[in-house]
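Engineer:
Numbering (the numbering used here), first residue to last: 5 to 161.
Here is the structure:
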């Protein structure tokens, strides 16, 4: 008869098998997070181009000193008010629907360009020209937009 097994020895994988399994896990994680990793690479590249990467690296390497200096500065009276304003401003930005503002901002930019061109002229506009301009469809559309903006701004909720 065979002798009973008294001691079971576990299979110990070799260093090469452990390394190969680790590489497979890393490869799978990279594949699953491909978009995020590519975005991270772009971010790091932009930080490098703007010379911000050494600054961030130094802040991480000396985080205790950086954190201490940050809080020391933020606790000064004039900076505390600034910090509250920043928090309020960030909250305000969260309420803005930027997708609806995009066309409006493009029109403002176009209007600024035309205004700078017109600023170079040194002509007086007569009342007749002003009234005639109100009939221009582009001017009329702009006035309607401004009036709608003022009406919306004046509404009490």
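Note that CB positions come from ideal geometry on N, CA and C, so glycine has one too.
Which runs of the alpha helix (DSSP H) fall wholly inside the segment 23-92 and span at least 4 residues, in chain order?
Structural biologist: 38-53, 57-65 and 67-78
Engineer: So, helix, strand or coil for residue 128, using DSSP?
Structural biologist: coil
Engineer: Name the two residues that bound the continuous alpha helix (DSSP H) containing residue 155.
Structural biologist: Segment 141-158, the alpha helix (DSSP H) holding residue 155.
Engineer: If you check the beta carbons only, do residue 42 and residue 51 fall under 8 angstroms apart?
Structural biologist: Going by C-beta atoms, residue 42 is not nearer than 8 angstroms to residue 51.
Engineer: Expressed to the nearest angstrom, what Euclidean distance is found between the alpha-carbon atoms of residue 18 and residue 37?
Structural biologist: 29 angstroms
Engineer: Locate the alpha helix (DSSP H) running through residue 16, then write down its first and last residues.
Structural biologist: No alpha helix (DSSP H) contains residue 16, which DSSP labels as neither H nor E.
Engineer: If you follow the alpha helix (DSSP H) that residue 104 is part of, which residue opens it and which one closes it?
Structural biologist: That run of the alpha helix (DSSP H) goes 102-123.
Engineer: Straight-line CA distance for residue 91 to residue 78?
Structural biologist: 13 angstroms
Engineer: Return the chain-ordered list of same chain residues with a C-beta closer than 8 angstroms to the C-beta of residue 144, the five sequence neighbours on each side being excluded.
Structural biologist: 138
Engineer: Is residue 137 helix, strand or coil when you go by DSSP?
Structural biologist: helix
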